[in-house]
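J.: Residue numbers (the working numbering): 3 to 126.
Using N, Cα and C, we set each Cβ at its ideal position, and we do this for glycine too.
These numbers were taken from a predicted model, which means no experiment stands behind them.
One structure, pasted below without further comment.
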């Protein structure tokens, strides 16, 4: 099975290759955003457990720090990997591409589903 993070990076980088080039800034930003979305329910859950008020100014700084940490670690992980992934997935069939893109859409929206579930069932 494909690593969904790598595949999402590849597809996004391929789509924006003319604009971003080998740096694939849009792909790195996309992966970072998705990871950040996955962190929000955990972050919210921890704040609820610790009874930390969300209006506290440090709350926003902590979110910004987490976002930057995710971005720079993602940038480091995917530096110069576009051609490696292109070689890996260059011979995909049309059916595999469509299935892969559906998985990417599900991958992108699943954190929102997780947040909705947590909000509905875990109200403290």
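Skipping 5 residues on each side, what residues in its chain have a beta carbon closer than 8 angstroms to that of residue 73?
T.: 30, 31, 34
J.: Go through the region 24-97 residue by residue and report every complete run of the alpha helix (DSSP H) that reaches 4 residues or more, in order.
T.: 27-51, 59-80, 84-91
J.: Using 8 angstroms for Cβ pairs, my map puts residue 113 next to residue 42. What's the rounded Cβ distance?
T.: 7 angstroms
J.: Would you check if the region 16-24 and the region 92-106 touch, i.e. whether three or more CB-CB distances between them fall below 8 angstroms?
T.: no
J.: Can you tell me whether residue 60 is buried or exposed? The criterion is at least 16 other CB atoms within 10 Å of its CB, across all chains shown.
T.: Only exposed fits residue 60, as fewer than 16 other CB atoms lie within 10 angstroms of its CB.
J.: As a quick exercise: from 116, 38, 100, pick the residue whose alpha carbon is nearest that of residue 75.
T.: 38
J.: Taking 7 angstroms as the limit between beta carbons, can you name the residues of its chain near residue 64, skipping five residues before and five after?
T.: Excluding sequence neighbours, residue 64 sits near nothing in its chain.
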